[in-house]
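Colleague:
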Amino acid sequence: MMKSKLFWPIIVLVSILCINLFFDPSFFSIEVRGGHFTGSLVDIANRVTPLLLISIGMTLVIATKGIDLSVGSIVAMSGAMAAFVVGRPGISDDSLAPLFLAIALSIGLALLVGLWNGALVSRVGVQPIVATLILMIAGRGIAQLITNGQITTIYYEPYAFIGAGYLFMVPFSIYIAAAVFILAVLLTRKTAIGLFIESVGANPEASRLAGLNSKNIILMVYVFSGLCAGIGGLILSSNVAAADGNNAGLYYELDAILAVVIGGTTLMGGRFFLMGTVIGALIIQSLTTTIYSIGIPPEVNLVVKAVVVLIVCLLQSPEFRKKFTRVLTFKKMTKKEGVAQP
Amino acid sequence: MKTLFKSKLFLLLAISVMLLLTGCGSDTTTGSSEANAGSGGSDKLTIGFSQVGAESEWRTANTESVKSAITDAGHELKFSDAQQKQENQLKAIRDFIAQDVDAIVFSPVVETGFETVLQEAKTAGIPVFLADRAVDIQDDSLWTSFIGSDFVEEGRKAGNWLVEEYKDIEGDVNIVELQGTVGSAPAIDRKEGFEEVLADHPKFKIIKTQTGDFTRSKGKEVMEAFLKDKGEDIDVLFSHNDDMAIGAIQAIEEFGLAPAEDITIIGVDGVKGAFEAMADGKMNVTVECNPLFGEQLVEIIETHLAGEEVEKRIAVEEGVYTMDQAEELLPERKY
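In the order they appear, the protein sequences are chains E and V. Heads up, the first sequence is in the numbering used here, so the first residue is 66 and it goes up one at a time. Heads up, the second sequence is in the numbering used here, so the first residue is 2 and it goes up one at a time.
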């Protein structure tokens, strides 16, 4: 069991949650308030959804030996697009048409952006880090262009349901993330697509010679990553009923890459672990919530985060674990000898 | 080889497009000076105003205020938008000097690098007034006066309001604080001013403080965590800006408490969203960070040019607005 890629991330996740229990004994309690479940665990599950969605898309991109830096900007663009549709005054709460129009346009824009990234990488042959860097920078500009550089507040009630609504007492965003996750798992594990992606990531040229259409597979993962980021953007902007072109999804690309790496997928491409990514994203979000709830001073937030991430990465490394256990067993042995001597 | 060529060609294309775009941008910037050779009475002044840009509603309101105050007072306005670029601003100020304006108003894009151009203005005998933002220059004779918000005072006002509001209440008052971006001037100063006032009143206790980066989503997320941890013990929320307070209000509602009733909510800035929240009865008070100091500015310029002494550092007149004033004032809010 210790050999499993998931073992160490799960240990870290559980220990972060347990640290909370130490500071706040009611941390795991979930109660019903205002007609829905509330509690720190519900918060973590709810807050993690945008990052989780983006990380799922990122996992597939990284599996093809690529990287998608533009996801944070796609989040901003998608939120801005939705706010552009439903953020205008005078939209009545009774009609659901604006809601679906907003969703369609946002997702459409996200898909288009994903297609652009994918085309640059697979057809033009630009390196992924450069190709997606273009929209990482320009995307925020586009988002601000849509919102006129202002924070747009959305007063249209139905829109808030996506990110702040509840279905059967559970936040609706959790269903969205779960649905995308299940879709990704089914597509990659029940069909050959997953194998194709791994094959392209391991060796695109050999895959092409073996008869795979490498280019289209690469194109597809970027479109999927764009889609995930677009949905994430909808959830994020809907949650606070506002679109902020400057700050929405800022640095999400880095968190997403981190979640993927913590989950055991390597940046070298090839094998990927969707479940590991889920654990990785949960670790990042639990850590954030922990920092808020146990009252770590804001000035040292990032240091605490960095130390935890370092520990996770070290635990993930077989080399480190081997050395670490060798040191431990060596100590034990010398102790025993010491006892035996007199 | 083929892909390499293609990618290089593409990059070249992308770069040239970008250069073209930025080139267009800077060309059109300073062209908007509204030149109209000075004529009329002896007390009619020509004032050059170089604004930072138009990055937020706050800034737009600020620009409007200064522009209209100058023209309403019957003076001649020469306006230039620097679009966040220092070189545009330097060019604009040199233009103002060349046109021999009576006074120059500017909000510096950055704090440094204005020595030479301000020296030129001083040599030409044109007084320079800084609006909203300060410059970092050793020789303070290069500018006449600085008018802008005093963030420490804003923190004090928030503290004073709270002390007054809770003066009849015995026992501890638990406060949670949402700080601005770590290290930013408004966050440091507002915190300082607020704590300075509360230091004399031991019943007020700040039980939790955390940064919300001045954004709604972070404000909401942090408040959620505060509520899960302390819940009903929280009496007061002090937020370093209104946006975070608006996010926190959503968190409080979702937690099942009534904002403004169960938890007293104090914001800073006085943006429209805060007035809407107050009109809905969801927020108690906001301390204004006023961009509408145009009239005050024009007054100072007139006083100075009349030969009278003006103060080096002038704080903007800023109010504290409470819930019961909100509905009435909401239609008047410009930002």
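Idealized CB from N, CA, C, for every residue including glycine.
Are the Cβ atoms of Glu-296 of chain V and Ala-132 of chain V separated by less than 8 Å?
Modeller: no
Colleague: Determine, using beta carbons only, whether Gly-238 of chain V and Ala-249 of chain V come nearer to each other than 8 Å.
Modeller: At residue 238 of chain V the sequence reads Leu, which differs from the Gly that was named. Taking 8 Å as the Cβ cut-off, Leu-238 of chain V and Ala-249 of chain V qualify as a contacting pair.
Colleague: For Ile-95 of chain E, I'd like the list of residues in its chain whose CB is within less than 8 Å of its CB, leaving aside the five on either flank, ordered along the chain.
Modeller: Phe-102, Thr-103, Gly-104, Leu-106 and Val-107
Colleague: With 8 Å as the C-beta to C-beta threshold (strictly closer), list the residues of the segment 303-333 of chain E near chain V in chain order.
Modeller: Flagged, chain order: Asn-304, Val-305, Ala-306, Ala-307, Asp-309, Asn-312 and Ala-313.
Colleague: Taking the alpha carbon of Leu-331 of chain V as the reference point, which residue from V:Gly-271, V:Leu-306 and V:Leu-298 has its own alpha carbon closest?
Modeller: V:Gly-271
Colleague: Output yes or no for whether 8 Å exceeds the beta carbon distance between Tyr-287 of chain E and Gly-179 of chain E.
Modeller: yes
Colleague: According to the neighbour-count rule (16 or more other Cβ atoms, all chains shown, within 10 Å of its Cβ), is Ala-148 of chain E buried or exposed?
Modeller: buried
Colleague: Quick one: which chain E residues come within Cβ less than 8 Å of Gly-271 of chain V?
Modeller: In chain order: nothing, as chain E lies at least about 15 Å away.
Colleague: Between the segment 42-53 of chain V and the segment 68-84 of chain V, do at least 3 Cβ pairs fall closer than 8 Å?
Modeller: Taking a contact to require three or more Cβ pairs closer than 8 Å, the segment 42-53 of chain V and the segment 68-84 of chain V qualify as touching.
Colleague: Consult DSSP for Asp-82 of chain V and reduce its assignment to one of helix, strand or coil.
Modeller: strand
Colleague: Of the residues V:Glu-303, V:Gln-180 and V:Ser-218, which one's Cα is nearest the Cα of Thr-47 of chain V?
Modeller: V:Glu-303
Colleague: Starting from Arg-314 of chain V, trace the beta strand (DSSP E) both ways and give me its first and last residue.
Modeller: Residues 314-316.
Colleague: Using 8 Å as the Cβ pair cut-off and three pairs as the minimum, do the segment 126-143 of chain V and the segment 158-167 of chain V touch?
Modeller: no
Colleague: Give me the DSSP bridge partner(s) of Pro-260 of chain V.
Modeller: Per DSSP, V:Ile-264.
Colleague: Is the separation between the beta-carbon of Ile-227 of chain E and that of Gly-152 of chain E shorter than 8 Å?
Modeller: no
Colleague: Could you tell me whether any Cβ in chain V is nearer than 8 Å to the Cβ of Arg-98 of chain E?
Modeller: yes
Colleague: Is it the case that the Cβ atoms of Val-269 of chain V and Glu-155 of chain V are separated by a distance below 8 Å?
Modeller: yes
Colleague: When you compare only the Cα positions, how much space is there between Val-326 of chain E and Ala-184 of chain E?
Modeller: 25 Å
Colleague: Once the 5 residues before and after Gly-298 of chain E are set aside, which same chain residues still bring their CB inside 6 Å of it?
Modeller: Annotation for Gly-298 of chain E: Val-140, Ser-143 and Gly-144 place their beta carbon closer than 6 Å to its own, counting only its chain and skipping 5 residues before and after.
Colleague: List, in chain order, every chain E residue whose beta-carbon is nearer than 9 Å to that of Ser-218 of chain V.
Modeller: Leu-301, Ser-302, Asn-304, Val-305, Ala-307, Asp-309, Asn-312 and Ala-313
Colleague: Taking C-beta pairs closer than 7 Å, name the residues in chain V that Thr-354 of chain E reaches, listed in chain order.
Modeller: Ala-226
Colleague: Using a Cβ-Cβ cut-off of 8 Å (strictly less than) and excluding sequence neighbours within five positions of Gly-232 of chain V, which residues of its own chain qualify?
Modeller: Phe-256
Colleague: On the premise that Ala-275 of chain V lies in contact with Ala-246 of chain V, defined as a C-beta separation below 8 Å, what is that separation, rounded to the nearest angstrom?
Modeller: 7 Å
Colleague: Quick one: which residues of the segment 168-185 of chain E get their C-beta closer than 8 Å to a C-beta of chain V? List them in chain order.
Modeller: Leu-185
Colleague: For the structure I just gave you, are there three or more beta carbon pairs, one from the segment 281-291 of chain V and one from the segment 309-325 of chain V, closer than 8 Å?
Modeller: yes
Colleague: Any beta carbon from chain V within less than 8 Å of Asp-89 of chain E's own beta carbon?
Modeller: yes
Colleague: Going by beta-carbon coordinates alone, are Val-198 of chain V and Asp-236 of chain V separated by less than 8 Å?
Modeller: no
Colleague: Just to confirm my understanding: we take Asp-1 of chain V, look at its own chain, exclude 5 residues before and 5 after, and list those with CB closer than 6 Å. What are they?
Modeller: This structure gives no information on residue 1 of chain V, because the portion of chain V shown stretches from 2 to 336.
Colleague: With DSSP collapsed to three states, give me the class of Asn-311 of chain E.
Modeller: coil
Colleague: Could you work out which residue in E:Ala-307, E:Val-372 and E:Ser-279 is closest to Thr-129 of chain E when comparing CA atoms only?
Modeller: E:Ser-279
Colleague: Grab the span of the beta strand (DSSP E) containing Lys-206 of chain V for me, first residue to last.
Modeller: 205-212
Colleague: Would you check if the segment 114-128 of chain V and the segment 85-97 of chain V touch, i.e. whether three or more CB-CB distances between them fall below 8 Å?
Modeller: yes
Colleague: Taking 8 Å as the cut-off, decide whether the C-beta atoms of Ile-138 of chain V and Val-102 of chain V are in contact.
Modeller: no
Colleague: Could you tell me if Cys-83 of chain E is buried or exposed, where buried requires 16 or more neighbouring beta carbons within 10 angstroms of its beta carbon?
Modeller: That one is exposed.
Colleague: Which of the three DSSP states, helix, strand or coil, is assigned to His-76 of chain V?
Modeller: coil
Colleague: Would DSSP call Thr-330 of chain E helix, strand or coil?
Modeller: coil
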